[in-house]
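Participant:
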Amino acid sequence: MKYDILIVGAGPAGAYTAYRLAQADLDVLLLEKEELPRYKPCGGGLTSKVFGIIPEFNLDHVIEDKISTVVFTHNVEAPIKLDFIEPFTYMTMRDKFDYFLVQQAKEVGVKVIDNTPVVDIRCMSDRVRVCTTGSEYTAKYIIGADGARSLVAQQLGLMDGVESAIAYEKEIKVSSQLLEAQRGIMNLDYGIIHGGYSWIFPKVDHFSVGVGTFAEGVSLKKSLEDYLAKGKIDDYKELKAKGHPLPVGGSKRELTYKRAVLIGDAAGLVDPLSGEGIFYALKSADLASRILLDVIRRGKSLSRYTTLINQEILPEFRKAELIKKIFFKFSDLLHKLFMKENWILKKLIQVIYGDDTYSNLYDNIQNQIPLLKF
1 MKYDILIVGA GPAGAYTAYR LAQADLDVLL LEKEELPRYK PCGGGLTSKV
51 FGIIPEFNLD HVIEDKISTV VFTHNVEAPI KLDFIEPFTY MTMRDKFDYF
101 LVQQAKEVGV KVIDNTPVVD IRCMSDRVRV CTTGSEYTAK YIIGADGARS
151 LVAQQLGLMD GVESAIAYEK EIKVSSQLLE AQRGIMNLDY GIIHGGYSWI
201 FPKVDHFSVG VGTFAEGVSL KKSLEDYLAK GKIDDYKELK AKGHPLPVGG
251 SKRELTYKRA VLIGDAAGLV DPLSGEGIFY ALKSADLASR ILLDVIRRGK
301 SLSRYTTLIN QEILPEFRKA ELIKKIFFKF SDLLHKLFMK ENWILKKLIQ
351 VIYGDDTYSN LYDNIQNQIP LLKF
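Listed below in structure tokens is the structure:
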């Protein structure tokens with residue numbers, strides 16, 4: 001059968017794009033290499049901005065905790081505790097959240113085939129041919145939503161300009177007393193790991209803990225062990241552990257080729273400072289679905305998608321990149337500054353998790369602390 005759209009990858013970007021396009025009466029096939037639902041290493045924070053992108057869904061049943069307090073530390077010392085009136089992020093597990101989006105896509109007519117790795121892609125003048133380990137499919141257009149190591153991007157020559165951070169995460173079972181003490185609170189530490197940060201995110205019955213860095217030659221496993229030991233979290237049961245790349249954005253690159261489009265992590269759309277990617281996965285899904293409908297119904301150019309990404313997302317990523325370079329290079333000195341000027345960290349939380357922007361944060365810092373030049 002020939003489909004209108006074939007999507008590779010059933011994460012948030014792929015599943016939501018499938019949902020949107022099927023709602024518009026297109027025939028959509030969604031391929032996923034793993035069996036669904038599948039575990040995905042990720043902090044699992046759904047920011048307030050996420051709810052603005054997908055207001056049509058009630059996500060209450062996939063929310064594991066509501067975070068309204070954050071504690072920043074440097075080397076797990078000198079805590080800066082910030083309380084917010086309303087939750088600024090909502091904890092989930094990616095197997096639950098992603099599968100929920102897949103189920104919504106199924107309900108509007110998307111054909112979902114899991115446990116099916118793609119092995120070959122051919123873009124032709126009038127169609128796309130996709131081969132899996134046991135079948136062959138054709139479609140008018142293909143969407144690469146297959147993550148940081150996107151096979152779609154690799155096979156179509158769209159990997160140029162990709163820069164990656166790397167993260168390592170564990171799901172750990174802790175005592176009920178420690179779990180309750182952490183309810184509604186997330187911990188972020190810069191200093192334990194060079195060129196990045198560490199985190200503790202509470203879930204319903206365990207912690208998601210991890211480290212991520214933009215530097216090379218750093219032992220992530222040792223850094224996470226040091227972080228937990230210094231934070232006196234030593235009596236726990238490891239449930240899962242996995243490392244993964246983070247394709248950080250900020251550089252212009254081509255995101256379309258003939259009849260192909262890249263979205264989400266496959267397009268390198270991860271915040272260069274925070275490593276947050278769920279919002280940008282959904283944002284790119286929204287943009288890609290609108291552009292593809294214009295292409296199919298009105299004969300518009302597919303390359304407009306890259307233009308929109310460059311206009312709506314990349315300027316923010318470039319400001320984030322500027323802030324990141326100073327933030328992690330001088331984290332010890334900056335933490336001392338933040339203890340006196342904690343509005344900077346409050347503003348940072350509002351940027352990453354709310355509706356503020358890196359551009360505003362950048363300008364505020366330049367105006368109020370002129371000695372701190374980026």
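Numbering-wise (UniProt numbering), the sequence shown opens with residue 1 and increments by one. Each residue gets a CB set at the ideal place from its N, CA and C atoms; glycine is no exception.
If I follow the unbroken alpha helix (DSSP H) through residue 375, where does it start and stop?
Facilitator: Only positions 1 to 374 of the chain appear in the structure, and residue 375 is not among them; the question remains open.
Participant: Identify the continuous beta strand (DSSP E) that holds G210 and give its terminal residues.
Facilitator: Start and end: F207 to T213.
Participant: Can you grab the Cα-Cα spacing for the pair Y19 / D65, in whole Å?
Facilitator: One C-alpha to the other measures close to 26 Å.
Participant: Taking 6 Å as the limit between beta carbons, can you name the residues of its chain near Y200, skipping five residues before and five after?
Facilitator: According to the sequence as given, residue 200 is Ile; it is not Tyr. For I200, where only same-chain residues beyond five positions count, the Cβ hits under 6 Å are N187, F207 and V209.
Participant: To the nearest angstrom, how far is the alpha carbon of A15 from that of I263?
Facilitator: Spanning the two alpha carbons is a distance of roughly 11 Å.
Participant: Could you work out which residue in D4, T133, P202 and S274 is closest to V174 when comparing CA atoms only?
Facilitator: Nearest of D4, T133, P202 and S274 to V174, Cα basis: P202.
Participant: Closest to C123 by C-alpha separation, out of V110, K140 and T132, would be which residue?
Facilitator: The shortest Cα separation from C123 among V110, K140 and T132 belongs to K140.
Participant: Apart from the five residues just before and just after F279, which ones in its own chain have a Cβ nearer than 6 Å to its Cβ?
Facilitator: Result list for F279: T47, K49 and V50, in chain order.
Participant: Could you have a look at P315 and say whether DSSP puts it in helix, strand or coil?
Facilitator: P315: helix per DSSP, three-state reduction.
Participant: Can you give me the Cβ contacts of Y99 inside the same chain, cut-off strictly under 7 Å, excluding the 5 residues immediately before and after it?
Facilitator: Hits under 7 Å: L36 and P37.
Participant: Does the pairing of the segment 307-324 with the segment 158-170 give three or more beta-carbon distances under 8 Å?
Facilitator: Because the criterion of three Cβ pairs below 8 Å is not met, the segment 307-324 and the segment 158-170 do not touch.
Participant: Pick from K2, T17, P12 and I7: whose alpha carbon is nearest that of D286?
Facilitator: Looking at the Cα atoms, T17 is the closest of the given residues.
Participant: Does the beta carbon of S68 fall short of 6 Å from some heavy atom of the ligand ADP?
Facilitator: The ligand ADP is not part of the structure shown, which contains no ligands of any sort.
Participant: According to DSSP, simplified to helix, strand and coil, what is T133?
Facilitator: Here T133 sits in coil by DSSP.
Participant: Rank I309, G277, L239 and G212 by C-alpha distance to the C-alpha of S251 and give the top, closest one.
Facilitator: If we check each option's Cα against that of S251, I309 comes out closest.
Participant: Quick test of your reading: G275 and D265, contact by CB under 8 Å. State the CB separation rounded to the nearest angstrom.
Facilitator: The Cβ separation is near 11 Å, so there is no contact.
Participant: Tell me the DSSP secondary structure of R127 in three-state form.
Facilitator: Reduced to three states, the DSSP call for R127 is coil.
Participant: Assuming S223 is part of the alpha helix (DSSP H), what are its boundary residues?
Facilitator: Its alpha helix (DSSP H) spans residues L220 to K230.
Participant: State yes or no: is the C-beta of V128 within less than 7 Å of the C-beta of I142?
Facilitator: Yes.
Participant: For D363, does the count of other Cβ atoms within 10 angstroms reach 16, so buried, or fall short, so exposed?
Facilitator: Per the 10 Å Cβ criterion, exposed.
Participant: What alpha helix (DSSP H) runs, 4 residues minimum, are completely inside the segment 268-303?
Facilitator: Segments of the alpha helix (DSSP H) lying fully in the segment 268-303: 278-298.
Participant: Can you tell me whether K49 is helix, strand or coil according to DSSP?
Facilitator: Looking at K49 - three-state DSSP - the assignment turns out to be helix.
Participant: Leaving out the 5 sequence neighbours to the left and right, which residues in its chain are closer than 6 Å to V110 when beta-carbon positions are compared?
Facilitator: A18, A22, V28 and L30.
Participant: Is it true that the CB of L273 sits closer than 7 Å to the CB of I344?
Facilitator: Contact flag unset, no.
Participant: Would you mind listing the beta strand (DSSP E) stretches within the segment 46-98 that are 3+ residues and don't spill past its ends, in chain order?
Facilitator: Fully enclosed beta strand (DSSP E) runs of 3 or longer: 65-67, 69-74, 77-83 and 89-91.
Participant: Kindly indicate the opening and closing residues of the beta strand (DSSP E) around Y197.
Facilitator: Looking at the DSSP string, the run of the beta strand (DSSP E) that includes Y197 is G196 to P202.
Participant: Could you give the first and the last residue of the continuous beta strand (DSSP E) run that contains S164?
Facilitator: Note, S164: beta strand (DSSP E), E163 to K173.
Participant: Whole angstroms are fine: how far does the CA of P245 sit from the CA of A320?
Facilitator: Straight-line Cα distance between these residues: approximately 19 Å.
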